[in-house]
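In my numbering, the protein residues as written are 100 to 533.
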């Protein structure tokens with residue numbers, strides 16, 4: 100797909116030796132990476148589809164789906180599966196089949212129409228997952244702000260509405276990308292060549308189609324096309340990155356502040372809780388770093404493309420386009436790993452649902468050794484812990500709404516809740532001093 104905008108400002112000075120060396124290096128890198136791009140993407144797509152499918156199965160269990168964050172995580176996993184499934188079909192036809200000299204015309208109207216839909220849906224689904232990540236950070240921050248487990252921000256109904264509104268808004272904002280492109284017929288035909296010629300009758304030919312930018316979008320110095328690049332760069336990349344960075348930093352500061360206050364309330368200093376808080380902060384920071392590293396560069400390039408359209412398209416996107424696709428796929432496939440590291444309840448539910456019973460019993464503590472830890476003025480449940488992990492010198496006291504009040508362990512002063520909460524999962528406890 101060629102692109103040439105009239106009177107476009109120049110990004111590169113081709114009389115500069117350093118610029119020539121840089122562009123030459125990008126070209127050499129593209130030639131080196133292109134042969135392995137398809138295989139790497141196939142591996143990542145299969146891994147991402149499998150892990151996101153597991154993600155959906157685990158997060159839709161009764162004990163997991165009641166929280167707003169888990170509901171949004173389910174929506175993210177579904178969007179990521181759609182993105183990678185579409186990209187897998189794209190890789191199959193335009194990379195793998197082409198690389199092995201398959202004797203077929205890969206540029207039929209059907210495949211070009213698929214490519215256009217793939218481009219639109221991958222942008223729509225991936226951007227939806229990015230904004231859902233921002234919504235999760237926002238809900239976590241609001242939950243800590245109101246300091247109540249009965250807050251509306253923790254209800255799954257609100258999360259479902261968030262997800263639907265975000266998808267509709269992103270879908271509508273993505274439509275201009277679909278409208279500025281079109282499928283056109285090429286002036287020449289496809290003919291089987293080489294060894295493929297023997298597999299077809301003589302004089303066989305087929306029409307070749309391609310995707311191009313509409314002439315109306317390129318009029319007036321590519322004005323409409325540039326507006327679309329500005330909108331997608333800002334709304335789909337830069338703004339979500341900035342919002343997630345602000346919300347994540349605010350969330351980590353709030354967690355640190357809550358941890359300091361908690362230490363002051365405890366009779367004995369607990370290393371276990373400090374480790375848990377540090378782990379949560381580290382995981383939030385990891386999620387932020389992955390998000391910024393994979394998405395923010397694409398936002399900057401989109402904005403540069405809106406200004407220096409011709410140069411960025413020809414000398415950056417055509418050489419680094421595969422790497423940008425790879426970054427998006429990586430971001431879509433790491434949620435399962437990060438959530439396994441950050442949530443012990445998730446790990447336990449994963450072992451119960453996915454792993455065989457014999458293996459689960461070896462990896463997880465027995466039910467009688469588990470309890471749910473609650474602390475702080477907000478009465479906020481943290482995670483399922485083994486009994487010996489709980490801090491000493493503290494008593495967990497049940498509220499009247501908790502149906503297991505009689506199960507308070509007099510010997511340890513700990514309330515032993517069920518690992519897999521039933522319909523009364525929203526019954527909570529609080530820790531007080533003896």
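C-beta atoms are modelled at their ideal positions from N, C-alpha and C, and glycine is treated no differently.
Exposed unless 16 or more other CB atoms sit within 10 angstroms - verdict on residue i
| i | result |
| --- | --- |
| residue 590 | Lying before the first or after the last residue shown, residue 590 is absent from the chain, which here runs from 100 to 533. |
| residue 116 | exposed |
| residue 433 | buried |
| residue 138 | exposed |
| residue 414 | buried |
| residue 394 | buried |
| residue 112 | exposed |
| residue 145 | exposed |
| residue 360 | exposed |
| residue 51 | Any answer about residue 51 is impossible in this case: the structure gives the chain only from 100 up to 533. |
| residue 443 | buried |
| residue 430 | buried |
| residue 514 | Unreliable positioning characterises residue 514 in this predicted model, as indicated by a pLDDT of 44, which lies under 50. A coordinate reading is not provided. |
| residue 126 | exposed |
| residue 194 | buried |
| residue 453 | exposed |
| residue 185 | buried |
Whole-Å CB distance - residue i paired with residue j, under 8 angstroms assumed
| i | j | result |
| --- | --- | --- |
| residue 231 | residue 175 | 5 angstroms |
| residue 240 | residue 346 | 5 angstroms |
| residue 273 | residue 219 | 6 angstroms |
| residue 405 | residue 325 | 5 angstroms |
| residue 166 | residue 225 | Not quite, the Cβ-Cβ distance comes to about 24 angstroms (not below 8 angstroms), so this is no contact. |
| residue 332 | residue 402 | 4 angstroms |
| residue 243 | residue 350 | 7 angstroms |
| residue 398 | residue 337 | 4 angstroms |
Beta-carbon spacing of residue i, residue j below 8 angstroms
| i | j | result |
| --- | --- | --- |
| residue 158 | residue 180 | no |
| residue 270 | residue 207 | no |
| residue 280 | residue 313 | yes |
| residue 155 | residue 187 | no |
| residue 162 | residue 418 | no |
| residue 330 | residue 396 | no |
| residue 149 | residue 233 | no |
| residue 105 | residue 320 | yes |
| residue 348 | residue 390 | no |
| residue 298 | residue 170 | no |
| residue 448 | residue 160 | yes |
| residue 102 | residue 412 | yes |
Through-space distance from residue j to residue i, alpha-carbon basis
| i | j | result |
| --- | --- | --- |
| residue 124 | residue 426 | 20 angstroms |
| residue 438 | residue 388 | 15 angstroms |
| residue 315 | residue 204 | 29 angstroms |
| residue 451 | residue 136 | 36 angstroms |
| residue 610 | residue 190 | Past the boundaries of the shown model lies residue 610; the chain is included only from 100 to 533, so the question cannot be answered. |
| residue 178 | residue 192 | 22 angstroms |
| residue 284 | residue 213 | 15 angstroms |
| residue 229 | residue 335 | 8 angstroms |
| residue 256 | residue 235 | 14 angstroms |
| residue 407 | residue 110 | 6 angstroms |
| residue 263 | residue 328 | 25 angstroms |
| residue 196 | residue 416 | 23 angstroms |
| residue 306 | residue 209 | 11 angstroms |
| residue 539 | residue 254 | The question about residue 539 has no answer here: the residues shown for the chain are numbered 100 through 533. |
Within-8 angstroms CB hit, residue i to chain C
| i | result |
| --- | --- |
| residue 385 | This model lacks chain C altogether, as it is built from one protein chain only. |
Practice task
May I have a chain-ordered list of the beta strand (DSSP E) segments no shorter than 3 residues that lie completely inside the region 237–310?
Solution key: Secondary structure within the region 237–310: the beta strand (DSSP E) runs of 3 or more consecutive residues, fully enclosed, are 280–289 (chain order).
Exercise for the section: Scan the region 424–456 and note each continuous alpha helix (DSSP H) run of 4 residues or more that stays entirely inside, going in chain order. Expected result: The region 424–456 contains these whole alpha helix (DSSP H) runs: 434–441, 443–452.
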